[in-house]
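**Q** First residue of the sequence shown: 2, per my numbering; consecutive thereafter.
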Amino acid sequence: MHTSTPTLQEQLVAILIEKGLHSLPEPIQLASGAWSSHFIDGKEALAAWKDLRLACQAIVEKVTDAGHRFDAVGGLTLGADALAVGIAAVSDTKWFVVRKEAKGRGTRRSIEGARIGPDDRVLLVDDVVTTGGSMFKALDAIQQTGAEVAAAVTLVDRGDSARLRFDRLGLAYLPMATYETLGIEPVRPG
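1. DSSP on Gly80, reduced to helix/strand/coil?
2. According to DSSP, is Val91 part of a helix, a strand, or is it coil?
3. Tell me whether Ala142 is buried or exposed, calling it buried when 16 or more other Cβ atoms sit within 10 Å of its Cβ.
4. According to the Cβ coordinates, are Val64 and Val150 closer than 8 Å?
5. On a Cα-Cα basis, can you pick out the residue from Ala85, Leu31, Gln30 that is closest to Leu77?
6. According to the Cβ coordinates, are Ala115 and Arg109 closer than 8 Å?
7. Here's the rule: buried if 16 or more other CB atoms are within 10 angstroms of the residue's CB, otherwise exposed. What is Arg159?
8. Rounded to whole angstroms, what's the CA-CA distance from Val61 to Gly171? Just pull it up for me.
9. Rounded to a whole number of angstroms, what is the C-alpha to C-alpha distance between Ser33 and Lys51?
10. Which same chain residues, not among the five before or five after Gln30, have their C-beta less than 7 Å away from its C-beta?
11. Quick check on Gln193: buried or exposed, where buried means 16 or more other Cβ atoms within 10 Å of its Cβ?
12. Please name the residue in Leu124, Gly134, Gly87 whose C-alpha comes closest to that of Ala67.
13. Can you give me the Cβ contacts of Tyr174 inside the same chain, cut-off strictly under 6 Å, excluding the 5 residues immediately before and after it?
14. If I measure Cβ to Cβ from Phe97 and keep anything under 7 Å in the same chain, skipping five residues before and after, which residues do I get?
15. Considering only residues of the stretch 31 to 59, which uninterrupted alpha helix (DSSP H) runs meet the minimum length of 4 residues and lie entirely inside it, listed in chain order?
16. Taking only the alpha-carbon atoms, compute the straight-line gap between Gly21 and Arg122 and give it to the nearest angstrom.
17. Can you tell me the Cα-Cα spacing of Ala56 and Leu25, whole angstroms?
18. Between Leu17 and Val157, is the Cβ-Cβ spacing less than 8 Å?
19. Can you tell me where the alpha helix (DSSP H) with Val188 in it begins and where it stops?
20. Rounded to whole angstroms, what's the CA-CA distance from Gly105 to Gly87? Just pull it up for me.
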């Protein structure tokens, strides 16, 4: 009997389920304000370099297979940090992170790492999305630089809100896993 090798994306979903998906006895409040008895910790799931590298390779493969080209990658700190650096490493591109608030001293920048601007095509990333609030905050900061967002990618989309918002903006949105592939209930905002 011949068994096929799982794709990078299928391997990533398995890692997320094994190392990042936690079932809790009581619901907890998520950053979006929604409640869930499932917590997905993308940073914990990808704490080993081999797992982070596989995730970043899977993301680059999915984005390029969908026909999107980028020369910089980043998103809102802290969810995007490891992914931005890892994707930049496996794709030989630049990385950046968007601060939650502009630095109050020194350069006073809201984006650290690579300086992005009108000549850049950016891959927007985040680890876990419920409503997309963090991604849209980062999107706003990126657009203020004049950079073009080529696509947005998340490790996990826990609901349907972010996809609807990206669709309305005409931006490609490519979650690597969804509540369906993880076998959990979707999180509804509010």
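Every residue, glycine too, gets a C-beta built ideally from N, C-alpha and C.
**A** According to the structure shown:
1. coil
2. helix
3. buried
4. no
5. Ala85
6. no
7. buried
8. 20 Å
9. 30 Å
10. Trp36
11. The structure shown does not extend to residue 193, since the chain is modelled only from 2 to 191, so the question has no answer here.
12. Leu124
13. Ala153, Arg164, Phe167
14. Ala73, Gly75, Ala85, Ile112, Glu113, Gly114, Ala115, Ile117
15. 43 to 46
16. 30 Å
17. 25 Å
18. yes
19. It is not in any alpha helix (DSSP H) - Val188 carries neither H nor E in the DSSP assignment.
20. 28 Å
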